Amino acid sequence: MKENICTIPINDIFKMSDGCPICNMHNMLEEQYVEFITGSAMMAPDVRVVTNKKGFCHHHYEKMIKHGPRLSNALLLQTHLDEIRNAVFKEKSNTILSKSSLEYIDKLSTSCYVCDRIEHDIIHLLKTVFAQYGIDEEFRKLYKNQKYLCLEHFAFIMKNLNKKSIDKKYLSEFCDVTTSLCKNYINALYDDVTKFTTMFDYRNAGKDFENSKDSIERSVKFLTAKDIT
Ligand SMILES: [Zn+2]
Ligand SMILES: [Zn+2]
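Counting the sequence shown from 1 gives a position; this note's numbering is that position plus 6.
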C-alpha cells in the first residue's frame, strides 16, 4: 500500500473552524479508511496480510459492518479468524495455554489496523502543520483561530512536537497558542457546566440556559475526542 493512500488537505481542515481540527482530521481519515478497507483494499494482498495480523477494534468493526458490503466484511473476517486459529489452536491436545498464545490474544485485543493507520497519518500530517506554522503567516492566523483543541489531541500535538519540527523562531509562540486553545476551552466548559448546574435552582426557573444547554455533550467530546451519538 502506498504511504499516503488516504490524503486530506490540511488547510481545508483548519478552515472548517468547527471543533477540534485534529478530531476533524481523525474523522476524515477514519471515513476514508473504513471505505478503503471494505472496498479497494480487498484486492490488495499486502493490506490483507496486515489486517489478518492486526484485526480491528470494536468501534471500527462496527463502522465497517455499518458502511461496508457484507461480503467484504465476511472475507476479512474469514482470513483473520484463520490466522488466529493457526496461531493459538495449532496443538492437537487442549492443554494449558502457552505464554506466547496468551500474549498473542492479549495484544490482539488492543490492536486495530484502522486506528494504527490513522495515528500514523496524523503524525505525518502534524509534521506539515509544524512546518507550515513556521513559514506561512496565513496558516498561523488560521491555527490561532481554531475553536479549541480537545484534551487528547492537545497532548498528542505536544508529544509529537520537537524543536526540529518547527522553525525555532515560532516554537514558543506555537506552544503558547496550542496551550491556549485547550486551556481557554476547558475554562469555558467549566463555566458552562457550572451554569448548567445552577439552572436547577428554583430561583433560576424559566431563565435561558444559553451556552450551557449542550455543555454535557461538549465536555464529553472534549474529554474523549468523540461525539455522543
Ligand atoms: Zn481532538
Ligand atoms: Zn480502531
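In this text, a Cβ means the ideal position worked out from N, Cα and C, and glycines have one as well.
Just so you know, these numbers come straight off a predicted model, no measurement behind them.
Please determine whether the Cβ atom of histidine 32 lies at a distance below 6 Å from any heavy atom of ligand 2.
For the purposes of this step, residue 32 is taken as the residue at position 26 of the sequence shown. For ligand 2, not one heavy atom lies less than 6 Å from the Cβ of histidine 32.
Classify methionine 270 as helix, strand or coil using the three-state DSSP reduction.
Nothing about residue 270 can be reported from this structure: the residues present for the chain run from 7 to 235 only.
Roughly how many whole angstroms lie between the Cα atoms of histidine 130 and serine 171?
Taking the first residue of the sequence shown as position 1, residue 130 is located at position 124. Taking the first residue of the sequence shown as position 1, residue 171 is located at position 165. Between histidine 130 and serine 171, the C-alpha separation is close to 11 Å.
Using only alpha-carbon positions, find the residue among Ile111, Tyr154, Ser178 and Gly25 that is nearest to isoleucine 292.
With the chain represented from 7 up to 235, any question about residue 292 goes unanswered, as that position is not in the structure.
Label lysine 69 either buried or exposed according to how many other C-beta atoms from any shown protein chain fall within 10 Å of its C-beta, with 16 as the threshold for buried.
For this step, residue 69 is matched to residue 63 along the sequence shown. Classification for lysine 69: buried.
Got a sec, what are the start and stop residues for the alpha helix (DSSP H) leucine 114 sits in?
Counting from 1 along the sequence shown, the entry for residue 114 is found at position 108. Taken as a continuous stretch (DSSP letters only), the alpha helix (DSSP H) holding leucine 114 covers 105-114.
My guess is that cysteine 4 and phenylalanine 160 are in contact by the Cβ rule of under 8 Å, so how many angstroms apart are they, rounded?
Given a span of 7 to 235 for the chain in the structure shown, any question on residue 4 remains unanswerable.
Taking the alpha-carbon of histidine 66 as reference, which of Leu83, Val199 and Val40 has the nearest alpha-carbon?
Your numbering for residue 66 matches position 60 in the sequence shown. Comparing Cα-Cα distances from histidine 66 to each of Leu83, Val199 and Val40, the minimum goes to Val40.
For isoleucine 141, is the classification buried or exposed, using 16 other Cβ atoms within 10 angstroms of its Cβ as the cut-off for buried?
In the sequence shown, the residue the question calls residue 141 occupies position 135. With fewer than 16 Cβ atoms within 10 Å of its Cβ, isoleucine 141 is classed as exposed.
Buried or exposed, going by whether 16 or more other CB atoms sit within 10 Å of the CB of lysine 105?
Taking the sequence shown and counting its residues from 1, the one referred to as residue 105 is at position 99. Answer is exposed; the Cβ neighbour count stays below 16.
Within the structure, which residues are defined as neighbours of ligand 2 by a Cβ-heavy atom distance below 5 Å, reported in chain order?
My final list is Cys63, His66, Cys118, Val120 and Cys121.
Around the Cβ of isoleucine 102, are there at least 16 other Cβ atoms within 10 angstroms (buried) or fewer (exposed)?
Stepping through the sequence shown from its first residue, residue 102 is reached at position 96. Classification for isoleucine 102: exposed.
Which same chain residues end up closer than 8 Å to leucine 81 when comparing Cβ atoms and leaving out the 5 residues on each side of it in sequence?
Counting from one through the sequence shown, the residue named residue 81 turns up at place 75. Met48, listed in sequence order.
For serine 117, I'd like the list of residues in its chain whose CB is within less than 7 Å of its CB, leaving aside the five on either flank, ordered along the chain.
As a working note, residue 117 is residue 111 in the sequence shown. Lys60 and Gly61.
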